[in-house]
Amino acid sequence: MTKMLVVDDEIEICDFLKTFFEERNYKVFTALTGETAMRLVDQENPAIVLLDIKMPGLDGLEVLKRIKTFHPETKVIMVTAIETRDKIDEANRLGADNYITKPLSLEYLETDVKDKLESLVR
Amino acid sequence: MIYLQKRKRFLKRFVVFIILSSTLCVFVFILNLLFSRFSWNLDLYHHPLRLIFFAAFAATLFYKPFDYFVLVLFRHVFFRKKMARLQALKNASKSLIHTLDLKELSNIMVNTVSEIMQQRIAVLVLWDHVRKIFWAPSSCGLAISALPKIHFEEKDAMIRFLKDSRGLVEREKCLREFSWPEVYEISKGFELLGAQAVISIFCEDDWMGFLSLSGKKGGASFSSDEARVIEDFAEAAGFALRGALHVDELKQMNEKLKDLQARLLQTTKLAAIEQLAAGIAHEIHNPLTIISGKAQILLLKKNKQLDDKTLDQTLKTIVKQTKRAADITRKLLMFSEPKSSGKDVIEFESVVDDTLALISYQTTLDEITIRKSISKNIPPFMGEINEIREVFLNLILNAVQAVEKKGMIYIQIRYLERDGFIEIKIQDTGKGIPAETIPRLFNPFFSTREGGLGLGLFITQQIVHRYQGSIHVESEPGQGTVVLIHLPEKSSSWGGDPVPAMPQEIRVES
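Protein chains in written order, with the numbering used here: chain S, 571 to 692; chain D, -7 to 502.
Structure follows, in structure tokens:
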């Protein structure tokens, strides 16, 4: 089973993403803060991370930076509300694999997740 | 007309002569009687020199009182009605100076002159120094719609002539002084205004315009008394007009300033909303994401069996999240509402709560704790809700920016019963403000933040002052800042424009 980590400070968002991907045979972990996210990445080493940017404490960009430093093979898809241009550029620079804005199309998200995982297998 | 005036003057002199000579005769007779009683052998009749001496003595002693007596007799017995009118015009000219409203003053001038002097038409034409045009603020007997058609230019012969003439100018006399083609031009000017006489209005040496009069019934000329009173009236009008024009100018400038201030207020409001935009976008996008996510899961499940519990929970979440998104847009809209027309009773607690709702996302992200303490005994405070919201939004946003990350904001509102003040205190544990910067905080366009407009505190202070309140900032660099506002419980600024109402009293006797 592919391991996935969903990071969002909004519990309801974590919830429905967990439901959705669990039904599609993923093992889903959720984190409401950047700190929890880092701990789970270290502990579980997920193949893919869905990451929000704005969070109290350690923010998404900081988490992205750490993941790409310590686990470069982990795929990271940024899932955020509308952001300023420089935030998007910053995320790309730090090595985000994709950038998806809320509200989400779950079908598109699923396709994108599959894409990124296939590129990992190859 | 001149013939008529001559006859009056002759009559007056004749009466003076009769009274004077008869008094003289009586006087000489009494003297003669006295002399003969004391049996002084003085025969006045046979000493012409003495007679002349006594006559001269009597004339010097009694001429002035008699002249005055005759004058009074004429004014109050023979021409009583006219004198009363002239007196009324004199009184009116004295009271002109108290009228500061240009429109009102022009109307009073035109109406007074036309009524008292029985003019069919009277038009006040003023020269606008700034726009370089002539305009008629008021007219009587000539339709106001016809006034824009009254077209004069600075170079017109009539205007050039009027600028140099002090005193009442009558059409006939004036035309006699000119030759063709000025005569034609000037008489056309008079015709346009339906005027027989025109008087320039000066304030000191400043030519301000003129007042045109249709003249007396039957085309009679004004008597010298009438002319003098009209001239006095025009002189008083000149001073009054200058005052009123200044007031008018100030009023216009005040309007412009008000407009500018309203636009500034809008700009700061927008700047504040811009700062909130990111947080608000999240506050709206997150519920939308939840709603759409839950709905998509249901849609994808439609071929499979759905249990009631999941369905129920999903729908409840959707309803809850919809309300959440609607709440934030409603609160945001409050800030873009146009200025409310009247007074509102300000509920400080709800104003604070609404403001905090707008920034809650930001404060959660930045780990800022907000504590508030709002007394229950605050008396009802009347004001404009948008202005009060603006004050709180500006100050709380400033506090959030000062704290940056991890800190506390303390909002306290209480009633200082002894002083009759409502005290608003907003304290933060932010980076503080250096002492040398504090005096400049309220200057417009002063900002310590990069890209900041520097209008927030300026507008805040303006609003507080409008309620006759005071605002102070105390700060300790590294410790935090306290903003203290005192609002008088009853601020009297409410209730309209501060335009002084001057009492008006013009008595017209007839």
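Beta carbons: idealized from backbone N, C-alpha and C, even for Gly. Bear in mind the structure is a predicted one, so any value in this text is a computation, not a measurement.
Same chain, Cβ closer than 7 Å to residue 359 of chain D, five either side skipped, listed in chain order: 397, 398
Alpha carbon to alpha carbon, what distance is there between residue 159 of chain D and residue 223 of chain D?
-> 6 Å
Next on the checklist: With the cut-off set at 8 Å, would you say residue 625 of chain S and residue 596 of chain S are in Cβ contact?
Outcome noted: no
### Message
Rounded to whole angstroms, what is the Cα-Cα separation between residue 674 of chain S and residue 428 of chain D?
### Response
50 Å
Residues bridged to residue 166 of chain D by DSSP? None, per the DSSP bridge assignment.
Margin query: Considering only the alpha carbon of each residue, which of D/320, D/318, D/288, D/236 lies closest to residue 306 of chain D?
Written below: D/288
Please check if any C-beta of chain D sits within less than 8 Å of the C-beta of residue 651 of chain S.
yes
Leaving aside the five residues before and after residue 558 of chain S along the sequence, list all residues of the same chain whose C-beta is less than 7 Å from its C-beta, in chain order. A query on residue 558 of chain S cannot be resolved here, the shown segment of chain S reaching from 571 to 692 and no further.
Q. Exposed or buried, what is residue 213 of chain D when buried is set at 16 or more other beta-carbons lying within 10 Å of its beta-carbon?
A. buried
Beta carbons nearer than 7 Å to chain D: which residues of the stretch 662 to 681 of chain S have them? 672, 673, 674, 676
* **Distance between residue 365 of chain D and residue 631 of chain S (C-alpha atoms, nearest Å)** => 36 Å
### Query
Taking only beta-carbon atoms, is residue 647 of chain S less than 8 Å away from chain D?
no
Exercise. What is the residue span of the beta strand (DSSP E) that residue 468 of chain D lies within?
Worked result: 462 to 468
Which one of D/146, D/394, D/418, D/163 has the shortest CA to CA distance from residue 118 of chain D? D/146
Report the residue ranges of all beta strand (DSSP E) runs contained in full by the stretch 366 to 392 of chain D; include only those spanning at least 3 residues, in chain order.
373 to 375
Pull the bridge partners of residue 419 of chain D from the DSSP assignment, please. D/402, D/474
Going straight from the alpha carbon of residue 278 of chain D to that of residue 480 of chain D, what length do you get?
42 Å
| message | Any beta carbon of chain D sitting closer than 8 Å to that of residue 616 of chain S? | response | no
field: N-terminal and C-terminal residue of the beta strand (DSSP E) that residue 155 of chain D is part of
entry: First-last for residue 155 of chain D: 149 to 155, but that is the alpha helix (DSSP H), not the beta strand (DSSP E).
Measure from the C-beta of residue 599 of chain S to each C-beta in chain D and report whether the shortest distance is under 8 Å. no
Check your understanding: Can we say the stretch 78 to 95 of chain D touches the stretch 46 to 58 of chain D, given the rule of at least three CB pairs closer than 8 Å?
Key -> no
- For residue 681 of chain S, count neighbouring Cβ atoms within 10 angstroms of its own Cβ and tell me buried if that reaches 16, exposed if not. exposed
Exercise. Which chain D residues are close to residue 627 of chain S, counting only those with a beta carbon under 8 Å from its beta carbon?
Worked result: 359
Tell me the rounded alpha-carbon separation between residue 492 of chain D and residue 258 of chain D. Its pLDDT being 37, under 50, residue 492 of chain D is placed unreliably in this model, and the coordinates cannot settle the point.
Residue nearest to residue 579 of chain S in terms of C-alpha spacing, selected from D/470, D/354, D/10, D/456:
D/354
* Entirely within the stretch 73 to 129 of chain D and at least 3 residues each: give me those beta strand (DSSP E) ranges in chain order. => 114 to 120
* Would you tell me roughly how many angstroms separate the C-alpha atoms of residue 501 of chain D and residue 453 of chain D, rounded to the nearest one? => Confidence at residue 501 of chain D is low in this model, with a pLDDT of 39, below 50, so its placement is unreliable and the value that follows should be read with caution. Rounded to whole angstroms, residue 501 of chain D to residue 453 of chain D spans 54 Å at the Cα level.
CB-CB length for residue 362 of chain D against residue 348 of chain D, believed under 8 Å = 6 Å
Exercise. Which word fits residue 17 of chain D, buried or exposed, when buried means at least 16 other C-beta atoms lie within 10 angstroms of its C-beta?
Worked result: exposed
request  = Just the C-alpha distance for residue 207 of chain D and residue 248 of chain D, rounded to the nearest angstrom, thanks.
outcome  = 42 Å
Checklist line | Three-way DSSP call (helix, strand, coil) for residue 486 of chain D in this model | finding: The predicted model places residue 486 of chain D with a pLDDT of 46, which falls under 50 and marks its position as unreliable, so this point remains unresolved.
Notebook entry, point to check: By DSSP, does residue 364 of chain D sit in helix, in strand, or in coil?
Noted result: strand
- Message: Between D/270, D/451, D/220, which has its C-alpha nearest residue 503 of chain D's C-alpha?
- Response: In the structure displayed, chain D extends from -7 to 502; residue 503 of chain D sits before or after that span and is not available.
Bridge-paired residues (DSSP) for residue 189 of chain D: D/162, D/205
With 8 Å set as the bound, which would you pick, yes or no: does the beta-carbon of residue 606 of chain S sit closer than that to a beta-carbon of chain D? no
Considering just the uninterrupted stretch of the alpha helix (DSSP H) at residue 176 of chain D, what are its terminal residues? 174 to 184
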